[in-house]
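Participant: In my numbering, the protein residues as written are 1452 to 1801.
Don't be surprised by glycine CBs; every beta carbon is placed ideally from N, CA and C.
As the structure is a computational prediction, the values presented were derived from the model and not from experiment.
First the structure, which I've put down as structure tokens, then a few questions once you've had a look.
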Amino acid sequence: MEILVTGGAGFIGSHTCVELLNAGYEVVVVDNLMNSKQEALDRVREITGKEVLFYNIDLLDKDALSKVFLKHEIRAVIHFAGLKAVGESVSLPLKYYHNNITGTLNLCEVMEEFGVHQLVFSSSATVYGLQDCVPFHEELPLQATNPYGRTKLMIEEILRDLYVSNKKWSIALLRYFNPVGAHPSGLIGEDPNGIPNNLVPYITQVAIGKLAKISVLGNDYSTDDGTGVRDYIHVLDLAVGHLKALEKVSFTTGVEAYNLGTGRGYSVLEMIATFEKVTGNSIPYEIVDRRPGDIAVSYADPTKAKNNLNWISQKGLIDMCEDSWRWQMNNPNGFGEVGLIKSGNKTFMK
Ligand code: NAD
Ligand code: UFG
């Protein structure tokens, strides 16, 4: 019996493959490599000493996906595949709706056809939208503020409807807070295309000198130091959360949402200060205007995952920063091909 991992070459998917293989699961990955490199899976093999089967398939190609189900005895699916850049989703909404929603519909249709009803889905804390009370718990009313977030919200609803139609379905909706960190081996990690959108990869690229300085997006929020507060969660803790969710869906039915976060928030300035300590490098920053759509504070109430999945985050902020930094130092070009990046008066290989 095998586990199908869609988007398994990506950041969270590759770390989850490591945990699955280490736990003795057989793993089949489907990924079209639109935001990842096959090299990530070679590194997963290197870390685990185990084989991971890979199909370069787009979820939009339903026939190709069906062939994977024909060939393998898939028991359950962990579904990471999707586009995730909030800003890009605002300028290219149709691309996001088509890829994320049609891809998921195809996957669910094929699963139904082959009688596979166990699914773990990558949702996001973005489905809580603009809440003004923290921590966020699973029963809060949901809302989306951009097309990316709307795809997550819509998929959550589609999956609830699916269960209503067929009570064999067993689905975990995992709402991640802010995934950071990397495998402690330094072999796999987050490999953003071009200039990073998210705080942590931006900071590590400043710390290594690839980017000149970080823009702190607002210091007039109602937080202790005025900068935004987020619940950063180590990607390996997330990976373990997927294994716990997989166990859960294997002996229950229904649809349940779970927050995967630490329950503790850190501000942008705290993140910069911790990275300065861990890297020993100064991280220049400047305060600029707020980013439209950002909220002041977001952190999880992780009680439901603790009680129902027996999952709790283990790794602290220093682990997150040290592991992100090791990945950045060992792989200044990510998994990517060599090219040149210009930053100020410096030129780097990319
Ligand atoms: P990622 O981009 O590194 O991984 C996603 C993978 O899916 C990539 O390898 C990409 O090539 C693949 N993919 C995308 N569309 C596909 C398609 N149509 N067919 C086949 N493969 C396809 O992203 P990640 O950070 O690992 O995120 C994984 C999931 O978690 C995503 O669904 C994302 O929306 C969700 N999520 C991520 C974050 C975050 O901050 N990283 C936060 C909350 C939720
Ligand atoms: N920030 C900066 N400078 C930057 C980038 C970010 O100051 O260059 C700040 C933001 O204003 C925010 C914090 O750093 O206060 C974190 O920002 P990120 O962009 O790293 O993360 P977000 O919380 O905005 O969003 C992330 C993902 C979303 C996901 C959400 C919840 O990008 O897709 O976490 O999981 F929905």
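Take Gly1677 and list the residues in its own chain whose beta-carbon comes closer than 6 Å to its own, dropping the five residues that flank it on each side.
Facilitator: Asn1670, Asp1671.
Participant: Closer than 6 Å by C-beta to Gly1459: which residues in its own chain qualify, once you throw out the five before and the five after it? Chain order, please.
Facilitator: Same-chain partners within the cutoff: Cys1468, Val1480, Asp1482.
Participant: Between Lys1797 and the rest of its own chain, which residues show a CB-CB distance below 6 Å, the 5 nearest in sequence each way excluded?
Facilitator: For Lys1797, the predicted model reports a pLDDT of 49, less than 50, meaning its position is unreliable; a value from the coordinates is still stated below. Around Lys1797: no qualifying Cβ.
Participant: Alpha carbon to alpha carbon, how far is Leu1668 from Leu1662?
Facilitator: Near 16 Å, if we compare the C-alpha coordinates of Leu1662 and Leu1668.
Participant: Please report the straight-line C-alpha distance between Ile1508 and Glu1453, rounded to a whole angstrom.
Facilitator: Approximately 17 Å between the Cα atoms of the pair.
Participant: Identify every residue that forms a DSSP beta bridge with His1530.
Facilitator: Its beta-bridge partners are Thr1457, Phe1572.
Participant: Going along the chain, which residues of its own chain have a beta-carbon closer than 8 Å to the beta-carbon of Glu1490, five neighbours each way excluded?
Facilitator: If we look at Glu1490 and ignore the five residues flanking it on each side, its Cβ neighbours are Phe1786.
Participant: According to the Cβ coordinates, are Ser1616 and Ile1463 closer than 8 Å?
Facilitator: No. Outside cutoff.
Participant: If you draw a straight line from the alpha carbon of Ser1575 to that of Gly1660, how long is it in whole angstroms?
Facilitator: Roughly 31 Å between the two C-alpha positions.
Participant: So, is Lys1664 buried or exposed, given that buried needs 16 or more other C-beta atoms within 10 angstroms?
Facilitator: When all chains shown are included, Lys1664 counts as exposed.
Participant: Start and end of the beta strand (DSSP E) containing Pro1630?
Facilitator: 1629-1631 is the span of the beta strand (DSSP E), which, as asked, contains Pro1630.
Participant: What does a CB cutoff of less than 6 Å around Lys1755 pick up in its chain, not counting 5 residues either side in sequence?
Facilitator: Within the same chain, Lys1755 has close Cβ partners Glu1589, Tyr1709.
Participant: Kindly list the residues whose CB is nearer than 6 Å to the CB of Leu1455, restricted to its own chain and excluding five residues on each side of it in sequence; keep chain order.
Facilitator: Around Leu1455: Val1479, Ile1525, Val1528.
Participant: Can you check whether the CB of Tyr1736 is closer than 8 Å to the CB of Leu1768?
Facilitator: No, the pair does not count as a contact, with Cβ atoms beyond the cut-off.
Participant: I'd like the list of long-range same chain contacts for Val1739, defined as Cβ closer than 8 Å, with 5 residues on each side in sequence excluded.
Facilitator: Counting only Cβ-Cβ distances below 8 Å, and skipping sequence neighbours, we find Ser1666, Val1667, Leu1668, Gly1669.
Participant: Hey, which unbroken runs of the alpha helix (DSSP H) at 4 residues or more fall wholly within the segment 1724-1779?
Facilitator: For the segment 1724-1779, whole alpha helix (DSSP H) runs of length 4 or above, ordered along the chain, are 1754-1760.
Participant: Residues in the same chain with beta-carbon distance under 6 Å from Gly1533, minus the five sequence neighbours each way, listed in chain order, please.
Facilitator: So the list reads Asn1551, once near-sequence residues are dropped.
Participant: From the DSSP secondary-structure annotation, give me the bridge partner or partners of Tyr1506.
Facilitator: In DSSP, Tyr1506 forms a bridge with Val1481.
Participant: Please classify Lys1618: is it buried, with 16 or more other beta-carbons within 10 angstroms of its beta-carbon, or exposed?
Facilitator: Its Cβ having fewer than 16 others within 10 Å, Lys1618 is exposed.
Participant: The beta strand (DSSP E) that contains Gly1705, what's its start and end?
Facilitator: Where Gly1705 is concerned, the enclosing beta strand (DSSP E) stretches over 1705-1711.
Participant: What distance in whole Å lies between the Cβ atoms of Tyr1653 and Pro1598, which are believed to be in contact at a cut-off of 8 Å?
Facilitator: Not confirmed; about 23 Å, so no contact.
Participant: Less than 7 Å separating the Cβ of Gly1554 from some heavy atom of ligand 1?
Facilitator: Gly1554 Cβ: within cutoff of ligand 1.
Participant: Output the distance between the C-alpha atoms of Met1722 and Leu1650, rounded to the nearest integer angstrom.
Facilitator: Roughly 9 Å between the two C-alpha positions.
Participant: For Thr1457, count neighbouring Cβ atoms within 10 angstroms of its own Cβ and tell me buried if that reaches 16, exposed if not.
Facilitator: Looking at its Cβ environment, which holds 16 or more other Cβ atoms inside 10 Å, Thr1457 is buried.
Participant: Going by alpha carbons, who is nearest to Val1585 out of Gly1645, Ile1746, Ser1517, Thr1596?
Facilitator: Comparing Cα-Cα distances from Val1585 to each of Gly1645, Ile1746, Ser1517, Thr1596, the minimum goes to Ile1746.
Participant: Are Phe1587 and Ala1751 closer than 8 Å when you measure CB to CB?
Facilitator: Yes, Cβ-Cβ distance for Phe1587 and Ala1751 is below 8 Å.
Participant: Mapping DSSP to helix, strand and coil, what is Ile1646?
Facilitator: Ile1646 falls in the coil class under three-state DSSP.
Participant: How would you write the range of the beta strand (DSSP E) that Ile1609 sits in, first residue to last?
Facilitator: First-last for Ile1609: 1598-1616, but that is the alpha helix (DSSP H), not the beta strand (DSSP E).
Participant: Buried or exposed: which applies to Thr1703, given that a residue is buried once 16 or more other Cβ atoms fall within 10 Å of its Cβ?
Facilitator: When all chains shown are included, Thr1703 counts as exposed.
Participant: Below 8 Å CB to CB, which residues in the same chain sit around Leu1472 once its five sequence neighbours on both sides are set aside?
Facilitator: For Leu1472, where only same-chain residues beyond five positions count, the Cβ hits under 8 Å are Val1478, Val1495, Thr1499, Lys1501, Val1503.
Participant: Helix, strand or coil: which one does DSSP assign to His1466?
Facilitator: Helix, per DSSP.
Participant: In the structure shown, what three-state DSSP assignment does Ile1684 receive?
Facilitator: In this structure, Ile1684 counts as strand in the three-state DSSP scheme.
Participant: Alpha carbon to alpha carbon, how far is Leu1593 from Arg1626?
Facilitator: Going from the Cα of Leu1593 to the Cα of Arg1626 covers about 12 Å.
Participant: Name the DSSP beta bridge partners of Val1667, please?
Facilitator: Per DSSP, Ile1738.
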